[in-house]
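Residue numbers (this note's numbering), protein chains in the order written: chain A, 1 to 246; chain B, 1001 to 1013.
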Amino acid sequence: SSIAGMPPDQVLLVLQGAEPPILCARQKMSRPYTEVTMMAMLTSMADKELVHMIAWAKKLPGFVQLSLHDQVQLLESAWLEVLMIGLMWRSIHCPGKLIFAQDLILDRDESTCVEGMAEIFDMLLATTSRFRLLKLKPEEFVCLKAIVLLNSGAFAFCTSTMEPLHDSTAVQIMLDTITDALVHYISQSGCTVQQQSRRQAQLLLLLTHIRHMSNKGMEHLYSIKCKNTVPLYDLLLEMLDAHRLH
Amino acid sequence: HTKLLQLLTTKPE
């Protein structure tokens, strides 16, 4: 289960095998949605997805060998980025729509019923278009998602909210191995070396947008929590509180 | 982070 020295093809197989399922919302509210019904559906979905995200993280090679403290730090730091990259990947073939669940597909105009949400929807749709334009491959997606989890909390400054990792070297080794797998996959595309380097950069530059959207989304979710009109589930609340926004 | 710890420490089925 050690990741150091794992061949790139095996890393790709393990990452693809770790993918969580696409969920169903089930408790669907009737249209037109209101701020309360929309946020109730989205936060309920996020809470359910978080449970699957934790199971996914535990399948990443090397993750369960990290200390519990480091596992918590990485997940608390990156959870909304991981949810967002998954949402964009699911939505890649549906321009103008975000596929939150098999039975919960929303377009931009529907997001306007929640104050401040259209701005975040627009950013998610724009970044999804970028994924589409780049013709992001499943192998590249699974690498990027794992990189998001390992990168976001790894080199964070020590602030009042985020503590340093116990073993940042172990996280760096995982990150390097997954980066190698991504580079290896791109190298098999038949492109020139320059085109390969460019694609590596193009894909990794997407992560800056994902971090930005997560920060915006976290602020938005915090504002929803403060309004106290939508009850948030335990796990989602814990993950939000880890960011202790002001 | 009680729930998170609980999910991290339970064995997969």
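For every residue, glycine included, the Cβ atom is placed at its ideal position computed from N, Cα and C. These numbers come from a predicted model, not from an experiment.
**Cutoff 6 Å; reference G62 of chain A; Cβ partners in own chain excluding five residues on either side** = I3, M174
**CB contact check: D167 of chain A to chain B, cutoff 8 Å** = no
**Request:** For D234 of chain A, decide whether its Cβ has a neighbour in chain B, counting only Cβ atoms nearer than 8 Å.
**Result:** yes
**Prompt:** Taking V230 of chain A as the reference, which of A:S30, A:M39, A:M6, A:D9 has the closest Cα?
**Reply:** A:M39
**Request:** Whole angstroms is fine: what's the gap from M41 of chain A's alpha carbon to H220 of chain A's?
**Result:** 15 Å
**Item:** K97 of chain A, DSSP secondary structure in three states
**Value:** strand
**Message:** Distance cutoff 8 Å, beta carbons only. Does E19 of chain A sit that close to anything in chain B?
**Reply:** no
**Message:** Residues in the same chain with beta-carbon distance under 8 Å from E140 of chain A, minus the five sequence neighbours each way, listed in chain order, please.
**Reply:** L182, Y185, I186, L203
**Prompt:** Since A271 of chain A meets chain B, which of its residues come closer than 8 Å, beta carbon to beta carbon?
**Reply:** This structure cannot settle anything about residue 271 of chain A, because the visible part of chain A is limited to 1 through 246.
**Cβ-based neighbour list, N151 of chain A, same chain, cut-off 8 Å, excluding 5 preceding and 5 following** = A78, L175, L207
**Three-way DSSP call (helix, strand, coil) for A242 of chain A in this model** = coil
**Prompt:** Is the Cβ of L134 of chain A closer than 8 Å to any Cβ of chain B?
**Reply:** no
**Start-to-end residues for the beta strand (DSSP E) that takes in C9 of chain A** = The displayed chain sequence assigns Asp, not Cys, to residue 9 of chain A. Not the beta strand (DSSP E): D9 of chain A falls in the alpha helix (DSSP H), residues 8-17.
**D103 of chain A, DSSP secondary structure in three states** = coil
**Asked** Where C226 of chain A and L240 of chain A are concerned, what is the direct C-alpha to C-alpha distance, given to the nearest angstrom?
**Response** 12 Å
**Asked** Looking at the structure shown, is D167 of chain A part of a helix, part of a strand, or coil, going by DSSP?
**Response** coil
**Message:** Counting only C-beta atoms, is V171 of chain A closer than 8 Å to chain B at any point?
**Reply:** no
**Prompt:** Do you know offhand how far Q73 of chain A's Cα is from F100 of chain A's?
**Reply:** 25 Å
**Prompt:** Considering only residues of the segment 57-91 of chain A, which uninterrupted alpha helix (DSSP H) runs meet the minimum length of 4 residues and lie entirely inside it, listed in chain order?
**Reply:** 68-90
**Item:** Cα-Cα separation, H52 of chain A to P20 of chain A
**Value:** 6 Å
**Message:** Counting only Cβ pairs nearer than 7 Å, list the residues of chain B close to S75 of chain A.
**Reply:** It is Leu, not Ser, that sits at residue 75 of chain A in the sequence shown. Neighbours of L75 of chain A on chain B, chain order: L1004.
**Interface residues of chain B facing Q68 of chain A [CB-CB closer than 8 Å]** = It is Leu, not Gln, that sits at residue 68 of chain A in the sequence shown. Those are L1005, L1008, T1009, listed as they occur along chain B.
**Asked** Helix, strand or coil: how does DSSP classify F131 of chain A here?
**Response** helix
**Asked** For the segment 177-226 of chain A, which segments carrying the beta strand (DSSP E) assignment without a break, of at least 3 residues, lie completely within its bounds, in sequence order?
**Response** none
**Prompt:** Do L87 of chain A and L75 of chain A have their C-beta atoms closer together than 8 Å?
**Reply:** no
**Message:** According to DSSP, simplified to helix, strand and coil, what is P138 of chain A?
**Reply:** helix
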